[in-house]
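Residue 1 is where the sequence shown starts when you use UniProt numbering, and the numbers rise one by one after that. Comments concern the structure below.
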Amino acid sequence: MQVQKSFKGQSVYGTLYLVPTPIGNLEDMTFRAVQTLKEVDWICAEDTRNTGLLLKHFEIETRQISFHEHNAFEKIPDLLDLLKSGQSLAQVSDAGLPSISDPGHDLVKAAIAEDISVVALPGASAGITALIASGLAPQPHIFYGFLPRKAGQQKAFFQDKLAYPETQIFYESPYRVQDTLENMLEVYGNRPAVVVRELTKIYEEYQRGTISELIAYIDEQPLKGECLIIVSGLDADLARVEQESTDVDILSLIDQEIQSGLKPNQAIKTIAKTYKLNRQEVYNAYHNRD
1 MQVQKSFKGQ
11 SVYGTLYLVP
21 TPIGNLEDMT
31 FRAVQTLKEV
41 DWICAEDTRN
51 TGLLLKHFEI
61 ETRQISFHEH
71 NAFEKIPDLL
81 DLLKSGQSLA
91 QVSDAGLPSI
101 SDPGHDLVKA
111 AIAEDISVVA
121 LPGASAGITA
131 LIASGLAPQP
141 HIFYGFLPRK
151 AGQQKAFFQD
161 KLAYPETQIF
171 YESPYRVQDT
181 LENMLEVYGN
191 RPAVVVRELT
201 KIYEEYQRGT
211 ISELIAYIDE
221 QPLKGECLII
231 VSGLDADLAR
241 VEQESTDVDI
251 LSLIDQEIQS
261 GLKPNQAIKT
271 IAKTYKLNRQ
281 EVYNAYHNRD
């Protein structure tokens, strides 16, 4: 059991600050983030050249320490020594919130184990920013970060998450998005999904549709820039209707009604009523089928 009083404590140690940086637009840097970076003794940067440009823009002269996945193991003891000596550190990633896609989490765990205060500043997060404008259900959601690169590993990953109801958020290279969507389509079926690219930048773009529609669009319009994929979780009601549609061939019956002269929505209403199914669920199943 441990209780951290971030701003009212009596610790003789320094504080580890987790400071978010912009994910594209420099105006998303907060006043508090700038002030914190000016006041700490050291900035632990994923890429000192990249962070150096940010520091120069905001006229921050604090010294940097290189801290990334390739040197974290050897650097963490030295960083803990600085904190124990009373110096404060700020850890930043190249973009967004630190401690997610960088070794910051290992530093956080090590600091907590030594009873050193860890203070997180709120700020830009690509996954959450994209999610709330995606049009997909923002709650509940799961953030997974980067996916396995090999097709077999991806499909196994998706198969394991197939029945999850939560909206799922992934980071992906623009060169692999189409292949990833094809693997996703094979396992998940044709769910609603969104591809987001160049978030907060001048070419920011949301591509919203079904997975198959996104694949077709990307085939004609190759992607550039940093990308996210957001995909709907399993819709239990829709899955049930699709299963019932398979059992009694509901969708074929709708097609037959349309061929006999009914408009699609009238056919859906007729079949839903006949088989005592939810009309909206049948509508979604009919219009979202492959």
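Heads up, the beta-carbon is just placed ideally off N, CA and C, and yes, glycines get one too.
Residues sharing a beta bridge with residue i, DSSP
i: P103; result: Answer is none; P103 lacks a bridge partner.
i: E114; result: Paired residues: none, contrary to the question.
i: T167; result: H141
i: L228; result: Y171, V196
i: I43; result: Q64, A90
i: F146; result: Y171
Best match in the options for proximity to residue i [C-alpha to C-alpha]
i: L97; options: A113, L121, L82; result: L121
i: K5; options: A267, A193, S125, V119; result: V119
i: V45; options: S93, A151, K84; result: Looking at the sequence shown, residue 45 is not Val but Ala. Of the listed residues, the one whose Cα sits closest to A45 is S93.
i: Q207; options: G135, A285, A156, L185; result: G135
i: K38; options: G52, D28, E27; result: G52
i: F58; options: I250, G152, D28; result: D28
i: S125; options: N25, G9, A163; result: N25
i: I218; options: S232, I202, R197; result: R197
i: K150; options: M1, V231, V195, M184; result: M184
i: D249; options: A285, Q266, I215; result: A285
i: S85; options: L55, S101, L16; result: L16
i: D106; options: K75, E204, L131, E220; result: K75
i: A163; options: I215, F7, L234; result: L234
i: A216; options: S232, E205, Q178, Q153; result: Q178
i: A133; options: G9, A272, E205, G261; result: E205
i: A193; options: L214, D115, T274; result: L214
i: H141; options: T270, T167, M1; result: T167
i: L181; options: I202, V12, S232; result: S232
i: A110; options: G127, S101, L83; result: L83
i: D115; options: L262, M1, I258; result: M1
i: Q35; options: K8, L89, S11; result: L89
i: Y175; options: Q221, I202, K161; result: Q221
Residues near residue i in its chain [Cβ-Cβ closer than 8 angstroms; skip 5 each side]
i: N190; result: T210, I211, S212, N288, R289, D290
i: T129; result: I23, L199, T200
i: I268; result: I254, R279, V282, Y283, Y286
Residues of its chain near residue i, where Cβ-Cβ distance is below 6 angstroms and the 5 sequence neighbours each way are ignored
i: F170; result: Y144, L147, I229
i: P103; result: E69, A72
i: Q87; result: G14, D41
i: D78; result: none
i: I60; result: L37, K38
Coil, strand or helix - residue i by DSSP
i: A216; result: helix
i: Q30; result: Per the sequence shown, the amino acid found at residue 30 is Thr instead of Gln. Residue state, collapsed to three classes: coil.
i: H57; result: helix
i: S66; result: strand
i: R197; result: strand
i: V92; result: strand
i: T210; result: strand
i: L18; result: strand
i: L162; result: coil
i: V119; result: strand
i: E204; result: coil
i: I250; result: helix
i: M1; result: coil
i: Y275; result: coil
i: F7; result: coil
i: P98; result: coil
i: Y13; result: coil
Own chain partners of residue i with C-beta closer than 7 angstroms, once the 5 adjacent residues on each side are dropped
i: T48; result: Q64, S66
i: F158; result: N183, M184, V187, Y188
i: G123; result: P20, T30, A33, L97
i: L54; result: T21
i: V264; result: Reading off the sequence shown, one finds Pro at residue 264, where the question assumed Val. Excluding residues within five positions, the ones whose Cβ falls inside 7 angstroms are I258.
i: S11; result: S117
i: G127; result: F143, I169, L228
Stretch-stretch touch, CB-based, cutoff 8 angstroms, three pairs: the region 63-71 with the region 16-32: As far as the Cβ criterion goes, the region 63-71 does not touch the region 16-32, which means the pair count is below three.
Would you call the region 249-256 and the region 225-233 in contact, with 3 or more CB pairs under 8 angstroms? Taking a contact to require three or more Cβ pairs closer than 8 angstroms, the region 249-256 and the region 225-233 do not qualify as touching.
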